[in-house]
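Using our numbering, the first residue of the sequence shown is number 1, and each one after it goes up by one.
From the three backbone atoms N, C-alpha and C, an ideal C-beta is built for every residue, glycine too.
See structure below.
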Amino acid sequence: MKAITYQTYGDDPEVLELTDVDEPKIGPDWVKVQVKASSVNPVDWKLASGGMDGMLDTYFPVTPGWDVAGVVESVGPAVTRLAPGDEVFGYVRKDAVHGGTYAEKVSAPIRTLAKKPANASFAEAAAIPLAGLTAFQCLVHALDIGADDTVLIHGASGGVGSFAVQIARSLGARVLGTASEANHDYLRELGAEPFTYGDGLVERVREAIPEGVTAVLDLNGGDLEVSPGLLGESSEGRIVSIIDPVVKEMGGQYVFVSPDVEDLDELAAMFDDGSLKVEIAATYALADAGKAWEDSQGGHTRGKIVITVD
Ligand SMILES: NC(=O)c1ccc[n+]([C@@H]2O[C@H](COP(=O)([O-])OP(=O)(O)OC[C@H]3O[C@@H](n4cnc5c(N)ncnc54)[C@H](OP(=O)(O)O)[C@@H]3O)[C@@H](O)[C@H]2O)c1
Numbered sequence: 001m002k003a004i005t006y007q008t009y010g011d012d013p014e015v016l017e018l019t020d021v022d023e024p025k026i027g028p029d030w031v032k033v034q035v036k037a038s039s040v041n042p043v044d045w046k047l048a049s050g051g052m053d054g055m056l057d058t059y060f061p062v063t064p065g066w067d068v069a070g071v072v073e074s075v076g077p078a079v080t081r082l083a084p085g086d087e088v089f090g091y092v093r094k095d096a097v098h099g100g101t102y103a104e105k106v107s108a109p110i111r112t113l114a115k116k117p118a119n120a121s122f123a124e125a126a127a128i129p130l131a132g133l134t135a136f137q138c139l140v141h142a143l144d145i146g147a148d149d150t151v152l153i154h155g156a157s158g159g160v161g162s163f164a165v166q167i168a169r170s171l172g173a174r175v176l177g178t179a180s181e182a183n184h185d186y187l188r189e190l191g192a193e194p195f196t197y198g199d200g201l202v203e204r205v206r207e208a209i210p211e212g213v214t215a216v217l218d219l220n221g222g223d224l225e226v227s228p229g230l231l232g233e234s235s236e237g238r239i240v241s242i243i244d245p246v247v248k249e250m251g252g253q254y255v256f257v258s259p260d261v262e263d264l265d266e267l268a269a270m271f272d273d274g275s276l277k278v279e280i281a282a283t284y285a286l287a288d289a290g291k292a293w294e295d296s297q298g299g300h301t302r303g304k305i306v307i308t309v310d
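Structural data, given as structure tokens:
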């Protein structure tokens with residue numbers, strides 16, 4: 001089968017090659033999926049650069065990619081929840097970095113897959129898992145956001161941010177989001193009040209909300225250090241960062257997204273009831289995965305970049 005692979009670590013997307021590889025094996029509680037689409041997450045190219053070598057075992061050649069949407073081809077003998085022909089989506093993070101989703105087929109532990117939202121295209125479904133789960137787990141599990149909250153999201157227009165704004169709104173919160181001015185109308189469409197990031201952010205936010213916000217979600221890192229100054233007095237420490245564990249020294253929490261079937265089901269239900277939309281910035285064919293990475297590495301993706309497989 002065809003798969004994108006890299007043989008060694010490298011910063012340049014040129015490390016990616018379209019190659020022929022063996023079909024993946026499936027364990028007793030694993031599922032083989034015919035991949036219809038994947039999507040790019042910055043972690044894909046961070047892993048390829050070797051930046052996470054100290055954390056995760058890596059076996060070359062690596063097929064990158066943790067997001068998938070596709071059709072179940074076969075299941076291991078212990079799998080009862082899914083069957084061949086089911087349309088699924090998932091965040092296929094395994095214990096080691098090796099057989100990812102930029103491929104015609106992927107084998108996935110059952111704990112990483114859920115039924116695809118019925119109303120979503122494969123491209124839309126593939127955009128959701130990693131970024132959607134991150135946003136959901138930060139807002140629902142870590143911050144317990146509700147209707148009394150005013151949440152400031154640093155980096156609200158990217159993959160995680162676009163989902164975070166919509167999820168926080170559907171939880172009833174007032175949402176402030178940072179982005180460059182080119183994305184302010186986009187943030188308004190998602191339901192957030194836009195603010196430009198960088199110098200003077202605290203003053204701009206305090207002008208709009210003198211009492212401060214009740215929670216901060218950091219998806220970029222650039223403005224993390226000003227976050228305590230954005231919070232109202234009774235909300236001290238209500239900061240979550242997905243970028244920098246140093247947030248713990250501010251009394252906040254660092255979140256690293258986990259595969260979770262119930263959370264995927266919640267995201268699928270939100271998509272199907274219309275409360276979660278997917279913004280696709282660009283779509284690339286599997287063979288053009290390197291171009292998709294260059295696009296993502298520019299740092300200004302609005303929503304998600306999708307890779308289609310056919
Ligand atoms: N810990 C975890 O579990 C976890 C999970 C998912 C992602 N992450 C990490 O979180 C980060 C965001 O992921 P993503 O998928 O959302 O990335 P992304 O889609 O590439 O984010 C792009 C967005 O970042 C915004 N941005 C650029 N510079 C900014 C700044 N200085 N301040 C605020 N926003 C800025 C851009 O807005 P403008 O174009 O308007 O500038 C753009 O919309 C990445 O570093 C990723 O590796 C961590």
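- Cβ atoms of V31 and V72 come within 8 Å of each other, at about 6 Å.
- A Cβ-Cβ contact shorter than 8 Å links A173 with D149.
- Counting C-beta pairs with one atom in each stretch, the region 237-246 and the region 265-282 have fewer than three that are closer than 8 Å, which means they do not touch.
- In this structure, the C-beta of L130 approaches ligand 1 to less than 7 Å from one of its heavy atoms.
- In the structure shown, the three-state DSSP call for S74 is strand.
- Taking C-beta atoms as the reference points, V97 and L139 fail to come closer than 8 Å.
- DSSP lists no bridge partner for I242.
- Secondary structure of S170 (DSSP, three-state): helix.
- Exclusion of R188 from the 7 Å shell around ligand 1 follows from its C-beta lying no nearer than that to any non-hydrogen atom of the ligand.
- The DSSP-derived three-state label of P228 is helix.
- DSSP places H300 in the coil class of the three-state scheme, outside both helix and strand.
- The distance from the Cβ of P61 to that of T5 is about 4 Å, consistent with a contact at the 8 Å cut-off.
- Judged by beta-carbon spacing, Y102 lies within the 8 Å limit of L286, meaning their Cβ atoms are closer than that value.
- A distance criterion of 7 Å places the beta-carbon of P42 in contact range of ligand 1, judged by its closest non-hydrogen atom.
- For V33, the enclosing beta strand (DSSP E) stretches over residues 30-40.
- Exposure of D53 is indicated by the presence of fewer than 16 other C-beta atoms within 10 angstroms of its C-beta.
- Here the distance from the Cβ of I307 to the nearest heavy atom of ligand 1 is not below 7 Å.
- Contact annotation, T134 with V257: C-beta distance approximately 4 Å; criterion of less than 8 Å satisfied.
- For the region 89-158, the full-length beta strand (DSSP E) segments reaching 3 residues or more read 97-99, 105-109, 113-115, 150-154 along the chain.
- A direct Cα-to-Cα measurement between V216 and F89 gives close to 29 Å.
- Distance from the Cα of G298 is smallest, within the candidate group D22, Y59, T8, G158, for G158.
- The beta carbon of D86 sits closer than 6 Å to those of V72, all from its chain and outside the five residues before and after it, given in chain order.
- Nearest in C-alpha terms to S39, of all of W66, V21, D20, is W66.
- Between Q34 and G10, the C-beta gap is not smaller than 8 Å, which leaves the two residues out of contact.
- The beta-bridge partner set that DSSP reports for V175 consists of V151.
- Between the alpha carbons of I167 and L276 lies a distance of about 7 Å.
- Between ligand 1 and the CB of V257, the shortest heavy atom gap is smaller than 7 Å.
- Burial state of A147 is exposed, judged by a 10 Å Cβ sphere holding fewer than 16 other Cβ atoms.
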